[in-house]
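Protein chains in written order, with the numbering used here: chain A, 1 to 489; chain B, 490 to 749.
In structure tokens:
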């Protein structure tokens, strides 16, 4: 069976059959997509603009939430045909272990349940009615928020399924989207839009999915010219390149690659807790092999003079053992040549430094080890992981040392997984927040951000909209022009 | 009888009490399957040198280190020397036995045992296992190949001839081993026991009489008594990857005399 990675309900049947299709195979999955052309992209953005006017602009936000909730209910059924397709094809397309994809997809799909979407909305809009019309503003007067009519969205390919969330964000602020799937995971965007079409064809007509080669100047010029804003996820280099092509009048919202860390307080290494801590840390490390930005590159380990905790090397061995166990049920995805070279070089560096520093050690499963746990010292500047289940454990004697270690990466550090006593959570969160961390999650839960998460520290929906304020003066002063003039009475 | 392979190639084993008898058979067996082996005995003897020669002929690398493993300092030194000469230790076999003679007639019994007899046996069995294991822990953990095997006796389950001090010590070693399997499992180390029946060819068993041998043979489903290689085979299995998912177990190697 060939899977169509595009979704173009804006085209007529005649236009659809006039497209030139190309087929490719990835991981044994046959995929097809139409040949992208600047003319096609222009047509799509024009029709998306019409569809937005007709089906989205005047639709109440709660009505949109209801429709999306019904879409989620489809996906909540393990026998839903598109979910079956996703569970079968995504592991083959991405190389990630089927069990891992199945379980993370299941958890991920629950994040756009109706109640969670409402919470997500409320995070940025305490009164979501501002997306439908003017509502009283706390500062006086009234205000209204509007999303861009047409968005171009450049999706990430590092984690299966992510584009669904980007599309949902667009719909919640009543934006039509032209989505470009990533080559790493080209499928889920089209599966999601198809499921929306089953529930609500009008809403689905506000979404178009079309792959094109990233950086194609003619196509992207056409796409951006027809859009009011561009949302792009990608590498620093890809984003820098993109920036040069987005016209000044079009807003660009970027999500670049970020790094995350874990923070383990001394109490997390207590003799009766350390195995569970190791298990949780390993789970976060193995989450999409650290490709998702949400997984820790480094785990800071608070060491104290007390003898209730296990030595760092014992903890490292426990993490290594957990990673070995995970490898048996969820093998690491194959590395690209480039990734493999970076991995090997990082591993060799770690090994060399164990030779002349007793405080450093390296745990692996031998030469072909699909994971590595490197115990290092805090003196070195922050070193990112080569990803692919490679973690650095860094003992620190006080929380402030974590802040100093992160000094070089303040602008790109994202999540922190925290394991500490409840009473100390804020102490660590303060240090982390000052160091640039924008999300603190419980260790073991780093891969599943909460619904209202400020992605990269920004309001997810709030960043998409612009506001119109109807100032208090309008109500106060415009009486002057009220035809029912009472002033002379 | 144990064959040869490269299964344990690149791994280092330390076998306590391996200058002769069961320990020597274990050392040879490990070497025949590729491991480098440190042979430990109380005093460097001709017999121990022969084991080294056999090990070198089989795997290339064998050393003998004389050390009294009931002395914690000596146990640490044993581990350090092994590590220095053969590299990090993957497999530890606790086989050393404090001076003990199996002698049904001359044995010390309930009415003439002293608490010191118990202490001496428990210290020798558990104390030595603890000291050697603790020193070797940094080598054993974190890579999934760490193996600890302790040699007990089927007398812990079927004390046909009661040696209360000895049986108490070996039972204690079983308890230690199970606790260690829970402690070290999360660090990727398996900890198991092998409990042989009477091995008449060993020096310690030279006091057993023909009548006892005959009656044991008659009661044993496989119709004979154990040989050192029978015990070595079971240790090899626990040291291999084949039984890599088994920990906290105690395997009775006595021809079916004890069934559990």
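For glycine and all other residues, C-beta sits at the position ideal for the given N, C-alpha and C. Only a predicted model underlies this, so the values are computations on that prediction, with no experimental measurement involved.
Just to confirm my understanding: we take residue 92 of chain A, look at its own chain, exclude 5 residues before and 5 after, and list those with CB closer than 7 Å. What are they? Excluding the 5 residues flanking it on each side, residue 92 of chain A has same chain C-beta neighbours closer than 7 Å at 27, 28, 29, in chain order.
Please list, in chain order, all residues of the same chain as residue 726 of chain B whose beta carbon is under 6 Å from its beta carbon, the five residues on each side excluded. Around residue 726 of chain B: 732.
Thinking C-alpha only, which one of B:515, B:520, B:511, B:513 is nearest residue 473 of chain B? Because chain B is modelled from 490 through 749, residue 473 of chain B falls outside the range shown and cannot be assessed.
Report all residues from its chain with a CB closer than 7 Å to the CB of residue 182 of chain A; omit the five preceding and five following residues, and keep chain order. The residues are 155, 156, 157.
Output needed in chain order: residues of the segment 314-346 of chain A with a Cβ under 7 Å from some Cβ in chain B. From the segment 314-346 of chain A, only 314, 316, 317, 318, 320, 321, 324 have a Cβ closer than 7 Å to chain B.
List the residues of chain A whose Cβ lies closer than 7 Å to the Cβ of residue 633 of chain B, in chain order. What residue 633 of chain B touches in chain A, judged by beta-carbon distance under 7 Å, is 321, 324, 365, going in chain order.
Given this structure, state the Cα-to-Cα distance separating residue 169 of chain A from residue 202 of chain A, to the nearest angstrom. About 17 Å.
Verify whether the separation of the beta carbon atoms of residue 392 of chain A and residue 474 of chain A is less than 8 Å. Going by C-beta atoms, residue 392 of chain A is not nearer than 8 Å to residue 474 of chain A.
CA nearest to the CA of residue 553 of chain B, picked from B:559, B:607, B:545: It is B:545.
From residue 714 of chain B to residue 274 of chain A, what distance separates their C-alpha atoms? The alpha-carbon of residue 714 of chain B is positioned some 46 Å away from that of residue 274 of chain A.
Along chain B, which residues have their Cβ under 8 Å away from the Cβ of residue 278 of chain A? Chain B residues near residue 278 of chain A: 675.
Segments assigned alpha helix (DSSP H), at least 4 residues, entirely inside the segment 671-713 of chain B: Residue ranges of uninterrupted alpha helix (DSSP H) with 4 or more members, entirely inside the segment 671-713 of chain B and ordered along the chain, are 699-708.
Run the CB neighbour count on residue 292 of chain A, radius 10 Å, all protein chains shown included, and call it buried at 16 or more, exposed below. By the neighbour-count criterion, in which 16 or more other beta carbons inside 10 Å mark a residue as buried, residue 292 of chain A falls on the buried side.
First and last residue of the uninterrupted alpha helix (DSSP H) at residue 728 of chain B: 717-728 is the extent of the alpha helix (DSSP H) around residue 728 of chain B.
Please report the distance separating the alpha-carbon of residue 284 of chain A from that of residue 631 of chain B. Distance between the alpha carbons of residue 284 of chain A and residue 631 of chain B is about 18 Å.
So residue 275 of chain A contacts chain B; which residues on that side make the cut at Cβ distance below 8 Å? Identification of chain B residues near residue 275 of chain A by a Cβ-Cβ cut-off of 8 Å yields 675, ordered along the chain.
Look at the alpha carbon of residue 51 of chain A and the alpha carbon of residue 206 of chain A, and state the distance between them as a whole number of angstroms. Looking at the backbone, the Cα of residue 51 of chain A and that of residue 206 of chain A are separated by about 5 Å.
Which first and last residues belong to the alpha helix (DSSP H) in which residue 198 of chain A is found? Where residue 198 of chain A is concerned, the enclosing alpha helix (DSSP H) stretches over 188-199.
Backbone secondary structure at residue 463 of chain A - three-state DSSP: In this structure, residue 463 of chain A counts as coil in the three-state DSSP scheme.
Might you give, ordered along the chain, the residues of its own chain that have their beta carbon closer than 6 Å to the beta carbon of residue 342 of chain A, omitting 5 neighbours on each side? Within the same chain, and ignoring the five residues on either side of residue 342 of chain A in sequence, the residues whose Cβ sits closer than 6 Å to its Cβ are 386.
Just checking: is the beta-carbon of residue 630 of chain B within a distance shorter than 8 Å of some beta-carbon in chain A? Yes, because at least one Cβ of chain A sits closer than 8 Å to the Cβ of residue 630 of chain B.
Does the CB of residue 577 of chain B have a neighbour CB from chain A at under 8 Å? It does not; no Cβ of chain A falls within 8 Å.
Tell me the rounded alpha-carbon separation between residue 402 of chain A and residue 301 of chain A. Rounded to whole angstroms, residue 402 of chain A to residue 301 of chain A spans 9 Å at the Cα level.
Are the beta-carbon atoms belonging to residue 239 of chain A and residue 256 of chain A less than 8 Å from one another? At the C-beta level, residue 239 of chain A and residue 256 of chain A come within 8 Å of one another.
By the 7 Å beta-carbon criterion, what residues does the segment 702-722 of chain B contribute toward chain A? Of all residues in the segment 702-722 of chain B, none has a C-beta nearer than 7 Å to a C-beta of chain A.
Residues of chain A with a CB under 8 Å from the CB of residue 653 of chain B: which are they? In chain A, no part has a C-beta under 8 Å from the C-beta of residue 653 of chain B; the shortest such distance is about 34 Å.
Validate contact between the segment 657-667 of chain B and the segment 634-644 of chain B using beta carbons, cut 8 Å, 3 pairs: Yes, the segment 657-667 of chain B touches the segment 634-644 of chain B.
Do the segment 697-712 of chain B and the segment 604-616 of chain B touch if we need at least three Cβ pairs shorter than 8 Å? Result no; under three Cβ-Cβ pairs closer than 8 Å.
Just verifying my parser: in three-state terms, what is the DSSP assignment at residue 273 of chain A? Coil, per DSSP.
Residue range of the alpha helix (DSSP H) that includes residue 94 of chain A: Residue 94 of chain A -> alpha helix (DSSP H) spans 81-94.
Using 8 Å as the limit for Cβ to Cβ distance, is residue 627 of chain B near chain A? At a cut-off of 8 Å between C-beta atoms, residue 627 of chain B counts as an interface residue with respect to chain A.
Identify, in the order they occur along the chain, each residue of the same chain with its Cβ nearer than 7 Å to the Cβ of residue 557 of chain B, setting aside the five sequence neighbours on each side. Answer for residue 557 of chain B: 531, 563, listed in chain order.
Here's the rule: buried if 16 or more other CB atoms are within 10 angstroms of the residue's CB, otherwise exposed. What is residue 616 of chain B? Buried: at least 16 other Cβ atoms inside 10 Å.
Considering only C-alpha positions, which residue in the set A:174, A:212, A:200, A:373 is nearest to residue 184 of chain A? When only C-alpha atoms are compared, the closest one is A:212.
Taking the beta carbon of residue 712 of chain B as the centre, do at least 16 other beta carbons fall within 10 Å, making it buried, or is it exposed? Answer is exposed; the Cβ neighbour count stays below 16.
For residue 515 of chain B, does the three-state DSSP call read helix, strand or coil? Helix, per DSSP.
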